[in-house]
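Quick note: the sequence shown, position 268, residue 250 per our numbering, numbers continuous.
See structure below.
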Amino acid sequence: MMHIQTHTDDEALWQQVLRRESGDFLYAVTTMGVYCRPGCPSPRPLRRNVRFYATPAQAEEAGFRACRRCDPKGERAALARAVVEDACASIGRAAVIPSLETLAARSGYSRFHFLRMFRDHTGLTPRSYAEGVRARRLHAALAEGARVVDAVADAGYGSESRVYEKTGALLGMTPGAARRGGQGETIRTAFADCPFGRLLVGATDQGVCFIGFAEPDDALMGDFRRRFPHARVVADDTGLAASVRAVLDFLEEPAEALDLPLDLRGTAFQLRVWQTLCRIPPGETRTYAQLAEMVGNPRAIRAVARSCATNPVSLAVPCHRIVGSNGDLTGYRWGVPRKKALLERERAAAGTAD
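Here you go:
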């Protein structure tokens, strides 16, 4: 039950195997008795020993077993995902940050193996993930009006001084401002017309913190407020005129990166992904797997995708330059048609139009 019947198509699949490109097929090695994903890191077999199949069921019906390295059936990945989800739940329930030894013992794996699984699925170390949980716990308590000293203690911090040392990383504002629902922070906003419809830009004193477009004003403002629910919002068309103009100029002729002062707030991993996205030249694309490699964590593809999806400053952080493994334009917060148009404009401006 071969996946492809013609020699020409077989050769095309074989070239994908040689390049270790992902694809919707499997290849089996007759001398080894196993079947693999085309991107399997195992040494390449001889061409005469390779057969192609569409599904694991077809390969197994022909007498082959699943490769343990690339896990073509996803069984090991599902088990690892369950282990990591259990660890995350354990961290979320704990009053203090569990040690790596405790989490590894709970999982039944060695410290090294557990740490690798956790990083592959979350893009973070257990410690970094736990710090994020603790920070969110602190923010929620303060937003509900708890006293700073009580919120700090309940969130698991040893003292107020440790929180005040890292207020920007933890809250983006002082604990007192967070306790007042973010009233101590002001974000200025400005609307404008752009080639894709309406545009909304938001900025703090540190820089632009939100860029949204291609939706009605109410929808854009709703997205903005979901991201900054406690901030004081002030319309400031005049004060943000230069930032808005820079965005409009970029949309009209995106030959160079959109250069704006930014106020980005996220985990250390998210910030690393967003900074890496800015290194992709206009008009060029990378896959999620390639972006994960650029970030320095090739296995954190899902975490990289989530970071792209939560990017608050589209265009300035160009997540539209990320495509699927086969080159297809995958989901984009502001619509795939806009993603296609943005890339076409960039390629035309760079003189690399297809």
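Glycine residues also receive a C-beta, built at the ideal position from the N, C-alpha and C atoms.
Asp102 sits buried, since 16 or more C-beta atoms from the chains shown fall within 10 Å of its C-beta.
Between Cys176 and Leu240, the alpha-carbon positions lie close to 15 Å from each other. Around the beta carbon of Gln188, fewer than 16 other beta carbons sit within 10 angstroms, so the residue counts as exposed. Within the region 245 to 292, the runs of alpha helix (DSSP H) that reach at least 4 residues and sit entirely inside it are, in chain order, 250 to 259, 270 to 277, 283 to 291. Contact check for Leu97 against Thr104 fails: the beta carbons are separated by 8 Å or more. Excluding the 5 residues flanking it on each side, Leu233 has same chain C-beta neighbours closer than 6 Å at Cys176, Pro177, in chain order. For Leu8, the CB contacts under 6 Å within the same chain, skipping 5 residues up- and downstream, are Tyr17, Tyr35, Ala41, Pro54 in chain order. Across the structure, Cys301 and Leu61 are spaced so that their CA atoms are roughly 30 Å apart. Looking from the CA of Arg30, the closest CA among Ala10, Phe46, Ala48 belongs to Ala10.
Following the DSSP letters along the chain, one finds Ile169 inside the beta strand (DSSP E) bounded by residues 168 to 176. A Cβ-Cβ contact shorter than 8 Å links Val299 with Cys260. With fewer than three CB-CB distances shorter than 8 Å, the region 270 to 277 does not count as touching the region 313 to 326. Scanning Pro25, Arg26, Arg19 for the CA closest to the CA of Arg47 turns up Arg19. Scanning its chain for C-beta atoms nearer than 7 Å, with the 5 sequence neighbours on each side dropped, one finds around Val277 the residues Arg254, Val255, Thr258, Val286, in chain order. Looking only at Ile262, Ala250, Thr312, Arg2, the smallest Cα-Cα distance to Pro25 is reached by Arg2.
Inclusion of Arg180 and Phe192 in the CB contact set at 8 Å is not warranted, their separation being larger than that value. Under the 10 Å beta carbon count, Pro23 is surrounded by fewer than 16 other beta carbons and is classified as exposed.
Taking 8 Å as the cut-off, the beta carbon of Val190 is found no closer than this to the beta carbon of Pro263. Bounds of the alpha helix (DSSP H) holding Leu82 are 82 to 89. Residue state for Leu61 is assigned as helix, using DSSP reduced to three classes. When only Cα atoms are considered, Ile73 and Gly114 end up about 10 Å apart. Distance from the CA of Arg303 to the CA of Leu311, rounded to the nearest whole angstrom, comes to 9 Å.
If you draw a straight line from the Cα of Arg208 to the Cα of Thr292, it comes to about 12 Å.
Cβ-Cβ distances below 8 Å link Tyr91 to Val65, Met99 in the same chain, with the five nearest sequence neighbours on each side left out; the list follows chain order.
The Cβ atoms of Ala174 and Val216 do not sit closer than 8 Å to each other.
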